[in-house]
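What follows is a short report on a single structure.
Protein chains: 2
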Amino acid sequence: MCSAPLDASRLRTDAPYTPKPVPDIASADLAALKSATDRMIQVNWTAAQGWADPEVVPYGPLALLPTASALQYATECFEGMKVYRGHDGRLRLFRPMYNCERMYNSAKRVTLPTFEPEQLLQLIRKICALEAPKWLPPSQAGSALYIRPTLIATDSSLGFKVPDEACLCIFLIYWPTPQQATPALNGAEPKGMRLITSSEDAVRAWPGGTGAAKIGGNYGLALQEHARAKEGGYDQVLWLYGPDRQITEAGSTNVFIMWKTQSGRLEILTSPLDERSLILAGNTRRSVIELARDMFVEKNIGGFEACDVVERVFTMAEIEKANLDGRLVGMFAVGTAFWIQEVGKITHEERDIHVPTNRVPHVGALRQKVSDIVYGVCQSEWADLITE
Amino acid sequence: MCSAPLDASRLRTDAPYTPKPVPDIASADLAALKSATDRMIQVNWTAAQGWADPEVVPYGPLALLPTASALQYATECFEGMKVYRGHDGRLRLFRPMYNCERMYNSAKRVTLPTFEPEQLLQLIRKICALEAPKWLPPSQAGSALYIRPTLIATDSSLGFKVPDEACLCIFLIYWPTPQQATPALNGAEPKGMRLITSSEDAVRAWPGGTGAAKIGGNYGLALQEHARAKEGGYDQVLWLYGPDRQITEAGSTNVFIMWKTQSGRLEILTSPLDERSLILAGNTRRSVIELARDMFVEKNIGGFEACDVVERVFTMAEIEKANLDGRLVGMFAVGTAFWIQEVGKITHEERDIHVPTNRVPHVGALRQKVSDIVYGVCQSEWADLITE
């Protein structure tokens, strides 16, 4: 193929637009996750020509024929990232190449056009440099905007085929903080997320499927079970897999358990990224594993009880056994949108497991460490500084 | 909920539009499956208000925010049907309530709004009555248009949630005949479809998943394997399931095998619609089973060799054994878009199975029977007459 590659250096930024006021933090649209900033980057692609010049355009509707491949066949993928305003007044991304490489893999998985991940990263940096300052002024240290790169097939042929036309959009929206996202139940203080396990006839991801890719099809199919969870007063589904009820994800986030092993050693455990592709390879997941290994594995560094960090398949039966034995120490879900949130309750086959929260300082320390990195309190190679 | 139900009687047909010329049968757009008729039905839905009045509007692009739920989370489903111009000059649908009920089930599966299937059918009849006469004049007996009811979530919240806004579109496009769809390879006459079995690490549908629903997410995930098949010179993937390589579907159509059993009896066999939800409940599939039972089960009625019609799980090993034993009689794929097409070749783990075509008259007789029903050559309760 000699079609044009995605080329961030050709970005055109001269399209006129009408600035909107920054919405009040309490506005309904903001809480509804509908408030985008003024402009987005749009890049069209055709099989014949490759990637067109990227353009900064006003944020607004796309014109899509009802036959568009994304609307019919879910040829679509996305990423979730944040841009953070640091306490030093600088804007930062968090390990953004990981997301850009994952989006490359997601695109490939549903036969969307690919690109150099580095070019995507440069476009993300540019839209942040253009749009973030107004919405995240230096005076608002400790705040963030959510970035949603979205790639959809616009090919208007109704045939079941690899799409010949696509469109990449990169836009920024407000996302409420996790505290806002988990309101207290019945007026009580929230005591961690409430999870209910998926039923055996509802499977989110399966070996040979697409669970490891960030594609639309993984989400729509999970909403029926998600709706049941919400109706029952739960925050998220704890997705199990297989007859032995293996733990996979909570809602659309990765999940970690903390317990004492039979030998009495503290352990942080999460499901592995194996060839079955059941688990999304989360950026926060990876970072939590690496940080926890660095911070907790050796004995009592910094006052933390020593703790192993393990990736292996584990099951609901193991969690229930640990709970009965009094060995369950905590559980937390991690993701870009939802940060690092403790789980307070799991309901499984009508049995409630009350998961301890704040029993050990490890989760809070991990949250603080990630926060310090993204808001520039400590130096880290994981922070990607944006030049405004 | 006291929100408004879908109500076909409230259809508004007064929107102005510019008639387009009917494309030439040889036009590139027609072959590309991009040629819609002048108008479509559009019905908007919100959780608060329910279904708005259906409207006939010019066929054209929808304005969708990049955050639209269908573009992000594949909250989308569709149907595939045809309207046929009969030899008696009448327009007919084929068992359309089956499709309308299936669309209800697909919508429910991805938390889209539901409706009375009968109301959807009435809307389909109306758009056919308005649009089909120009494109399928009575002089063109034996021709058809493809109908694509499409339901997408337009909700612009980026949150992972049951959508609050959706849009139903019903439009008609040209679809090439199966002869056009399966061009000859290397100039030779087509001798049936060429299939290649899916690899073990590519799974289209899985127990507890969505294989039985007609939702976008089932299709995008299958394109990677489909593209490999096309590159290898095949028409479709023969989707297998599980370590024992069970036969499920061919491309996005149901599939039947014909063989002699060990006892020497002719058998038509297809995979069952069981609780695993691996198989799409096709309208043509069901009709072929019912017709074959009616036409072939008793001994030598109408000159056909008696034949059992069986729905059970079967495997590639069984097909390979029947082939080696000389018991393989034929194979065919069935679907609305692709009609009833014989398979000429299966490649499995680099071994080729040459499947006999036209060895028995049963497949041709089934194809003729369905054709006679949809084109009004014989009377049938399965034909749904449209009043123009």
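So the protein sequences, as listed, match chains R and X.
Sequence positions in the first sequence follow the numbering used here and run 839 to 1226.
Sequence positions in the second sequence follow the numbering used here and run 839 to 1226.
Idealized CB from N, CA, C, for every residue including glycine.
Please read these numbers as outputs of a predicted model, since none were measured by experiment.
When the options are compared against residue i, the one with the closest alpha-carbon
| i | options | result |
| --- | --- | --- |
| R:V1193 | R:L1059, R:L1033, R:I1127, R:A1175 | R:L1033 |
| X:D1190 | X:D1163, X:T1153, X:M935, X:T1035 | X:T1035 |
| X:H925 | X:P976, X:L1223, X:L996, X:S841 | X:P976 |
| R:K849 | R:I962, R:D1210, R:L950 | It is worth fixing the name first, because residue 849 of chain R is Leu in this sequence and not Lys. If we check each option's Cα against that of R:L849, R:I962 comes out closest. |
| R:E1113 | X:A846, X:W1177, X:R930, X:E1038 | X:E1038 |
| R:H1200 | R:E1226, R:V921, R:E1188, R:A1144 | R:A1144 |
| R:N882 | R:I1008, R:M1031, R:P904 | R:I1008 |
| R:L1078 | R:L1104, R:W1044, R:K1068 | R:W1044 |
| R:A886 | R:L909, R:P951, R:A1130 | R:P951 |
| R:V860 | R:G1202, R:L868, R:R1205 | R:L868 |
| X:G1071 | X:P899, X:T1185, X:Q910 | X:T1185 |
Cβ pair residue i, residue j closer than 7 Å
| i | j | result |
| --- | --- | --- |
| R:E969 | R:T1108 | no |
| X:L983 | X:L1006 | no |
| X:C938 | X:P955 | yes |
| X:V1147 | X:V1198 | no |
| R:A944 | R:I1117 | Reading the sequence as shown, one finds Ser at residue 944 of chain R and not Ala. No. Outside cutoff. |
| R:N1121 | R:V1172 | no |
| R:V1000 | X:A1065 | yes |
| R:A1004 | R:T992 | yes |
| X:P1061 | R:T949 | A quick correction: the sequence has Leu, not Pro, at residue 1061 of chain X. Going by C-beta atoms, X:L1061 is nearer than 7 Å to R:T949. |
| X:A842 | X:G888 | yes |
| X:G1182 | X:G1047 | no |
Residue i to residue j span [Cα, whole Å]
| i | j | result |
| --- | --- | --- |
| X:R877 | X:Y1012 | 14 Å |
| X:V1135 | X:I1095 | 16 Å |
| R:F953 | R:I1157 | 42 Å |
| R:G1214 | X:R1083 | 53 Å |
| X:A1050 | R:K972 | 48 Å |
| R:A1221 | X:T851 | 57 Å |
| X:P892 | X:I985 | 17 Å |
| X:L1233 | X:L844 | In the structure as shown, chain X starts at 839 and stops at 1226, and residue 1233 of chain X therefore has no counterpart that could be examined. |
| X:G918 | R:E1087 | 34 Å |
| X:R923 | X:E1180 | 24 Å |
| X:D1132 | X:I1106 | 13 Å |
| X:I879 | X:P896 | 9 Å |
| X:G1025 | X:D1073 | Confidence in X:G1025 is poor, its pLDDT being 45 and thus under 50, which makes the residue's placement unreliable; the coordinate value appears in the next sentence. If you take the alpha carbons of X:G1025 and X:D1073, they lie about 15 Å apart. |
| R:E1188 | R:K964 | 50 Å |
Cross-chain neighbours of residue i in chain R, by beta carbon under 9 Å
| i | result |
| --- | --- |
| X:T913 | G1054, Y1057, G1058, L1061 |
| X:H1064 | T949, F998, K999, V1000 |
| X:A901 | G898, P899, L900, A901, L902 |
| X:R986 | P904, T905, Q910, L996 |
Within chain X, the residues that residue i reaches when beta carbons sit closer than 8 Å
| i | result |
| --- | --- |
| R:S994 | K872 |
| R:M878 | P904 |
| R:E1038 | G1046 |
Reduced DSSP category for residue i - H, G, I as helix; E, B as strand; rest coil
| i | result |
| --- | --- |
| X:S981 | strand |
| X:D1190 | strand |
| X:C1216 | coil |
| R:E1226 | coil |
| X:L1023 | At X:L1023, the pLDDT of 43 sits below 50, so the modelled position is not reliable and the matter cannot be decided from this model. |
| R:A1221 | strand |
| X:D845 | coil |
| X:R1124 | helix |
| R:R940 | helix |
| X:D1146 | strand |
| X:G1182 | strand |
| X:M935 | helix |
| R:P854 | coil |
| R:F916 | strand |
| R:E1156 | helix |
| X:R1103 | coil |
| X:Q1018 | Its pLDDT being 40, under 50, X:Q1018 is placed unreliably in this model, and the coordinates cannot settle the point. |
| R:G898 | coil |
| R:Y1072 | coil |
Beta-carbon neighbours of residue i, restricted to chain X and to distances below 9 Å
| i | result |
| --- | --- |
| R:M919 | Within 9 Å Cβ-Cβ: nothing; R:M919 doesn't reach chain X, min ~13 Å. |
| R:G1089 | F998 |
Where residue i meets chain R, residues with beta-carbon distance less than 7 Å
| i | result |
| --- | --- |
| X:W1044 | V1041, W1044, G1047 |
| X:M1133 | In chain order: nothing, as chain R lies at least about 30 Å away. |
| X:F1009 | P904 |
| X:I990 | L909 |
Cross-chain neighbours of residue i in chain X, by beta carbon under 7 Å
| i | result |
| --- | --- |
| R:F916 | Q910 |
Proximity test, residue i beta-carbon vs the ligand MN heavy atom, cut-off 6 Å
| i | result |
| --- | --- |
| R:P854 | Among the ligands in the structure shown, none appear at all, so the ligand MN cannot be discussed. |
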